[in-house]
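Written out below as structure tokens is the structure these notes cover.
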Ligand SMILES: [Zn+2]
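In our numbering, the protein residues as written are 221 to 437.
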């Protein structure tokens, strides 16, 4: 029942108002009365299992976020729309100092690229995924003969993040800010099941895990 879905959402709002907000009201009041000045823009997948505020432990005002299917950034001039406007606004108006392109494990968009028949009845999605076709070519070219399908998916996810970082650099606002050295970019892959994040920093090709100190009980 769809009504149950709305009721569940309302229950969440009630819990937020009665438990979460009171514990952090000063933070919210400050955020509501201060112009936003987020340090970073995060471009992530719309997948419901991705929660960028949670994985970066960010609060109100900390990060500017846009999410879409496959964490894609059309190259400048290709599909001037929501993502391009967000990038321009984040860099030119908000002056973010860092942009993250965040991909993730088990991504439906990446699976759609590998199995085009799965998206053939969704022309808008199919068209949107063209922004990642170059990553598919590269991932397939790097595939060894005896590789498992999961390895290809993994490589495609990484190559897609690298491709979208390249696309980002074609945006005039990004290119200008990077030339002035007021902006850096990085690519992330988040593993949903383990919570791990691997990061490829600017100009790199390798994703390195964010080290976490082992907690001993
Ligand atoms: Zn995804």
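C-beta atoms are modelled at their ideal positions from N, C-alpha and C, and glycine is treated no differently.
- Secondary-structure assignment with DSSP links residue 415 through no beta bridge to anything.
- Sixteen is the threshold: since fewer than 16 other Cβ atoms of the shown chains lie within 10 Å of the Cβ of residue 360, the residue is exposed.
- These are the residues, in chain order, with a beta carbon less than 6 Å from any non-hydrogen atom of ligand 1: 265, 267, 290, 324, 327, 328 and 329.
- Going by beta carbons, residue 273 and residue 279 fall inside the 9 Å limit.
- CA-CA distance, residue 292 to residue 388, rounds to 10 Å.
- Counting the other Cβ atoms within 10 Å of the Cβ of residue 267 gives 16 or more, which makes it buried.
- Within its own chain, the residues whose Cβ lies closer than 8 Å to the Cβ of residue 402, once the five positions on either side in sequence are excluded, are 315 and 317, listed in chain order.
- Residue 284 and residue 226 have their C-alpha atoms spaced approximately 26 Å apart.
- The segment 224-310 is shown to contain whole alpha helix (DSSP H) runs of 4 or more residues at 245-252, 272-275 and 302-308, in chain order.
- By the criterion of a C-beta distance shorter than 6 Å, residue 406 is surrounded in its chain by 320, 419 and 421, once the five residues flanking it on both sides are discounted.
- If you check the CB distance, residue 333 and residue 362 do not come in under 9 Å.
- With respect to residue 329, residue 364 sits apart: the two C-beta atoms are not nearer than 9 Å.
- DSSP places residue 316 outside any beta strand (DSSP E), giving it a letter other than H or E.
- In the three-state reduction of the DSSP assignment, residue 401 falls in the coil class.
- By the CB criterion at 9 Å, residue 286 and residue 262 fall inside the cutoff.
- With respect to the C-alpha of residue 252, the residue from 309, 241 and 259 having the closest C-alpha is 241.
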